[in-house]
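Residue numbers (the numbering used here): 504 to 641.
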């Protein structure tokens with residue numbers, strides 16, 4: 504229920520407050536959890552969104568609400584679906600642990616500690632428009 508209160512109710516509250524304040528641009532922090540179990544890798548923006556958890560469903564609902572709001576009020580928006588956020592809360596109730604582990608930061612730490620030999624970066628197009636070295640993104 505907390506996910507729905509935050510990601511659905513909170514999204515509506517932010518959109519209403521932005522509109523009341525004359526703000527017509529919104530950036531929404533969504534999640535790769537909206538994809539559920541991917542049909543193919545790597546996942547792209549065109550991949551089907553089939554969330555399998557309340558968190559993923561609540562984030563997808565937030566995305567749909569934003570699209571509806573944009574259609575109704577002309578709000579401009581960007582939706583970012585994060586894949587590699589990491590961390591845990593101080594109480595240890597939320598955090599990262601997957602079997603098999605597929606997230607970048609834990610995989611980097613596993614490689615650094617010798618638990619795995621190497622990490623794999625998906626894709627083949629690593630050039631950057633501003634000339635930033637790829638190593639700065641990994």
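The beta carbon of each residue, even a glycine, is placed where N, CA and C say it ideally should be.
- In this structure, residue 560 lies away from residue 551, with their beta-carbon atoms at least 9 Å apart.
- Counted as a single uninterrupted DSSP element, the beta strand (DSSP E) harbouring residue 528 occupies residues 528-534.
- Beyond the five residues adjoining it in sequence on each side, residue 530 comes within less than 6 Å, by CB distance, of 581 in the same chain, given in chain order.
- Short of 8 Å from the beta carbon of residue 548, and not among the five residues preceding or following it, lie these beta carbons of its own chain, in chain order: 584.
- DSSP places residue 583 inside the beta strand (DSSP E), whose first and last residues are 579-585.
- 566 is the residue among 519, 513 and 566 whose C-alpha sits nearest the C-alpha of residue 536.
- Here residue 579 is not near residue 519, since their CB atoms are 9 Å or more apart.
- With 16 or more other Cβ atoms inside 10 Å of its own Cβ, residue 514 counts as buried.
- Residue 613 carries a helical assignment under DSSP once its states are collapsed to helix, strand and coil.
- Rounded to whole angstroms, residue 609 and residue 568 show a C-alpha spacing of 32 Å.
- Selection 563, 611, 622 and 621 evaluated against residue 534 yields 563 as nearest (Cα-Cα).
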